[in-house]
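With the working numbering applied, the sequence shown covers 63 to 474.
Beta carbons are placed, not taken as given, at the ideal position from N, Cα and C, and that holds for glycine.
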Amino acid sequence: MKRPMTVLARNLRATICALSAVTMIALPQGSIAQAQTADLTQKISEYREKLAEYTKARAAYEVVAGPYWAAIGEKRAERAAKRRNKERTTLDDYVLAQPPVYSGPPKPEDPEQRRIGEEYMPVVADFLKNAEEHFGFVPERPAGDDQYRHAYAQLALAAGLTPEQCVKIYAFESTGNGGYDIQAGLEYGLPHERAISTALGYNQLLATNSISLLAEVGDKFVAALHEKAEAADGERRVVLQKKIATLKKMIAFSHTVPNQWSEHAKLAETPKGLGVHAIILDIDISPLLQVEKLLTSVNYAKRLGFAKPLKAAELEMMNLTGDGSGFDMVTMSEEMRKKIPTSNFFQRRGYERNQIAITNNTVAQLIAATDTKMQSEAQLNGARALAAAFEVFSETADETSRGGARLGSTGN
Numbered sequence: 063m064k065r066p067m068t069v070l071a072r073n074l075r076a077t078i079c080a081l082s083a084v085t086m087i088a089l090p091q092g093s094i095a096q097a098q099t100a101d102l103t104q105k106i107s108e109y110r111e112k113l114a115e116y117t118k119a120r121a122a123y124e125v126v127a128g129p130y131w132a133a134i135g136e137k138r139a140e141r142a143a144k145r146r147n148k149e150r151t152t153l154d155d156y157v158l159a160q161p162p163v164y165s166g167p168p169k170p171e172d173p174e175q176r177r178i179g180e181e182y183m184p185v186v187a188d189f190l191k192n193a194e195e196h197f198g199f200v201p202e203r204p205a206g207d208d209q210y211r212h213a214y215a216q217l218a219l220a221a222g223l224t225p226e227q228c229v230k231i232y233a234f235e236s237t238g239n240g241g242y243d244i245q246a247g248l249e250y251g252l253p254h255e256r257a258i259s260t261a262l263g264y265n266q267l268l269a270t271n272s273i274s275l276l277a278e279v280g281d282k283f284v285a286a287l288h289e290k291a292e293a294a295d296g297e298r299r300v301v302l303q304k305k306i307a308t309l310k311k312m313i314a315f316s317h318t319v320p321n322q323w324s325e326h327a328k329l330a331e332t333p334k335g336l337g338v339h340a341i342i343l344d345i346d347i348s349p350l351l352q353v354e355k356l357l358t359s360v361n362y363a364k365r366l367g368f369a370k371p372l373k374a375a376e377l378e379m380m381n382l383t384g385d386g387s388g389f390d391m392v393t394m395s396e397e398m399r400k401k402i403p404t405s406n407f408f409q410r411r412g413y414e415r416n417q418i419a420i421t422n423n424t425v426a427q428l429i430a431a432t433d434t435k436m437q438s439e440a441q442l443n444g445a446r447a448l449a450a451a452f453e454v455f456s457e458t459a460d461e462t463s464r465g466g467a468r469l470g471s472t473g474n
């Protein structure tokens, strides 16, 4: 049996505990501070040593990397001039060596510099908040992806895009299972995911794309909504008329800067610019922009004399590297594709961050790898459902065409 503690014993224990607590709090603080200072001094010394090694290695690398990427830029400008004159490019118009690879030590972290948090990337909630705040706009979300797929497929077919192009690019850009509101970096809904860009939807349009498309062909979207409104009645017509008024305000906003990608990019980063991007979530407006993004590249190729339908992987090259560079890749011979490094079609920073382009370092390899990924992800449920939506409207178009033909023959 445990004996009861005397008052003296209890007081003695309390005193010892108090003294121990004071000792633990007060005495080590000086020691800890000294240890931390010594540790920081050691880390600074190591950092400076590593920084000197890194600086030396990086300088040696830049001696070869700088001229290489300068040559890439010069060749790109020369090819652009040839395209304007509708002249064919040859191997001489490209840098045929692979880019130099940095193999030195990594850049060390400065122990004295406070860690800066990762730059915040706006997400859907931000687009919605800014749309309502600056334009009084709340996008009409589709009832589900089936409704969106059907709207997208119908518009795409009417515009002359092929099911193969649309389904495979969706599969490549949106994982083969992404919804109409899928954002880059948040594809799988996992806790650790972070948005890596403002790219949204089936063809992953950036906020800058939304601004650019409104600036360049916004009137086309307004006309499409007017046509819908004329065919509607009651509350549906009122809803569409409000969307038209909002879209006109957004178009006017997109015209407040010169019609240049760099200027549109700056505008897209503003609160109002983020609000514009919410149109990618609207069932009536979003499919118009998603289709137009692909159609722009198709029409670019046609204007330069490329009449046959672009394969999905070829169209994706234009989507990935820009219409001009992508067109060069599409129109070159297979032999040239095998010899020309992918670095010719990227800015240096973009290339160094694109592991797919680095790994598949010739045009032939990049197109093949893209097509392989498309083939694989086109087997997933989302891509299959989109393909089924295209089948529905393809059959409807065929029946309409056959009906028109019968009517024509009856009249003769």
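- Message: Can you tell me whether P129 is helix, strand or coil according to DSSP?
- Response: Here residue 129 is taken as the residue at index 67 of the sequence shown, counted from 1. Helix at P129.
- Message: In chain order, what are the residue ranges of uninterrupted alpha helix (DSSP H) at least 4 long that sit wholly in the stretch 328–353?
- Response: 333–338
- Message: Applying the 10 Å Cβ sphere with the 16-neighbour rule, what's the burial state of A363?
- Response: Working through the sequence shown from its first residue, we reach residue 363 at position 301. Label assigned to A363: buried.
- In whole angstroms, what is the alpha-carbon distance linking T421 and Q352? The residue you call residue 421 lines up with position 359 of the sequence shown. The residue you call residue 352 lines up with position 290 of the sequence shown. In a straight line, the C-alpha of T421 is about 29 angstroms away from that of Q352.
- Flag this pair as touching only if the stretch 437–457 and the stretch 218–235 have three or more C-beta atom pairs under 8 angstroms; answer yes or no. Contact holds: three or more Cβ-Cβ distances are below 8 angstroms.
- First through last residue of the alpha helix (DSSP H) which encompasses Y413: Locating residue 413 in the sequence shown gives position 351, where the first residue counts as 1. Here the alpha helix (DSSP H) through Y413 covers R410 to E414.
- Return the bridge partner residues of Q245 from the DSSP annotation. Stepping through the sequence shown from its first residue, residue 245 is reached at position 183. Per DSSP, L262.
- Task: With a cut-off of 8 angstroms on the beta carbons, I'd call L309 and F283 a contact; round off their distance for me.
- Result: As a position in the sequence shown, residue 309 is number 247, starting the count at 1. As a position in the sequence shown, residue 283 is number 221, starting the count at 1. With 8 angstroms as the limit, L309 and F283 qualify as a contact, their Cβ atoms being about 6 angstroms apart.
- Task: Please check the pair Y116 and P173, which I expect to be a contact at CB under 8 angstroms, by giving their CB distance rounded to whole angstroms.
- Result: If you number the sequence shown from 1, residue 116 lands on position 54. If you number the sequence shown from 1, residue 173 lands on position 111. So it is not a contact: roughly 15 angstroms between Cβ atoms.
- In chain order, what residues of the same chain have a beta carbon less than 6 angstroms from the beta carbon of L70, not counting five sequence neighbours either side? Looking up residue 70 in the sequence shown gives position 8. Unreliable placement is indicated for L70, whose pLDDT of 43 sits below 50; no coordinate value is reported for it.
- Item | Nearest neighbour of H326, chosen from T270, S359, M379 and K355 [CA to CA] | The residue you call residue 326 lines up with position 264 of the sequence shown. Nearest of T270, S359, M379 and K355 to H326, Cα basis: T270.
- Message: Give the list of continuous alpha helix (DSSP H) stretches no shorter than 4 residues that lie fully inside the stretch 280–320.
- Response: 296–316
- What is the DSSP secondary structure of T151, reduced to helix, strand or coil? Within the sequence shown, numbered from 1, the residue matching residue 151 stands at position 89. Three-state DSSP puts T151 in coil, outside helix and strand.
- Task: Would you kindly work out how many angstroms separate the C-alpha atoms of N381 and L102, rounded to a whole number?
- Result: Here residue 381 refers to the residue found at position 319 when the sequence shown is read from its first residue. Here residue 102 refers to the residue found at position 40 when the sequence shown is read from its first residue. Roughly 48 angstroms separates the two Cα atoms.
- Task: Confirm, please, whether the CB-CB distance from L217 to K401 is below 8 angstroms.
- Result: Here residue 401 corresponds to residue number 339 of the sequence shown, with the count starting at 1. Here residue 217 corresponds to residue number 155 of the sequence shown, with the count starting at 1. In this structure, L217 does not lie closer than 8 angstroms to K401 by Cβ.
- Query: Based on the DSSP secondary-structure assignment, which residues constitute the bridge partners of T424?
  - Reply: Against the sequence shown, residue 424 aligns to sequence position 362. In the DSSP output, where bridge partners are listed per residue, T424 has P403.
- From this set, R410, A330 and D208, which residue's C-alpha is nearest L448's C-alpha? As a first step, residue 448 is located in the sequence shown; it is residue number 386 there, counting from the start. Sorting R410, A330 and D208 by C-alpha distance to the C-alpha of L448 places D208 at the top.
- Would you mind reading off the limits of the alpha helix (DSSP H) that contains G388? Within the sequence shown, the letter at position 326 stands for residue 388. That run of the alpha helix (DSSP H) goes D385 to T393.
- Could you spell out where the alpha helix (DSSP H) holding Y250 opens and where it closes? Taking the first residue of the sequence shown as 1, we reach residue 250 at position 188. Note, Y250: premise wrong, no alpha helix (DSSP H); not H, not E.
- Whether S236 touches Y264 by CB criterion (8 angstroms): Working through the sequence shown from its first residue, we reach residue 236 at position 174. Working through the sequence shown from its first residue, we reach residue 264 at position 202. Against a cut-off of 8 angstroms, the Cβ pair of Y264 and S236 comes out as a contact.
- Query: With which residues is L267 paired in a DSSP beta bridge?
  - Reply: Counted from its first residue, the sequence shown places residue 267 at position 205. Note: L267 sits in a beta bridge opposite L262.
- With a threshold of 16 other CB atoms inside 10 Å of the CB of W131, please say whether the residue is buried or exposed. Against the sequence shown, residue 131 aligns to sequence position 69. W131 should be labelled buried.
- Task: Jot down the residue ranges of each uninterrupted alpha helix (DSSP H) in the stretch 424–454, minimum 4 residues, whole runs only, in chain order.
- Result: 425–439
- Message: Taking a contact to mean a Cβ-Cβ separation below 8 angstroms, would you say L287 touches K311 in this structure?
- Response: Counted from its first residue, the sequence shown places residue 287 at position 225. Counted from its first residue, the sequence shown places residue 311 at position 249. Contact flag unset, no.
- Please determine, among L219, A215 and V186, the residue with the shortest C-alpha to C-alpha distance to A203. Here residue 203 refers to the residue found at position 141 when the sequence shown is read from its first residue. It is worth fixing the name first, because residue 203 is Arg in this sequence and not Ala. Selected option, being the one with the closest Cα: V186.
- Task: Please confirm if the stretch 241–259 is in contact with the stretch 183–201, defined as three or more CB-CB distances below 8 angstroms between the two stretches.
- Result: With a cut-off of 8 angstroms on Cβ pairs, the stretch 241–259 is in contact with the stretch 183–201, counting three or more such pairs.
- Task: Give a yes or no on whether the C-beta atoms belonging to S359 and G388 are separated by under 8 angstroms.
- Result: Indexing the sequence shown from 1 puts residue 359 at position 297. Indexing the sequence shown from 1 puts residue 388 at position 326. Taking 8 angstroms as the Cβ cut-off, S359 and G388 qualify as a contacting pair.
- Query: So is G198 buried or exposed if we call it buried at 16+ other beta carbons inside 10 Å?
  - Reply: Here residue 198 corresponds to residue number 136 of the sequence shown, with the count starting at 1. It is exposed - the Cβ of G198 has fewer than 16 other Cβ atoms within 10 Å.
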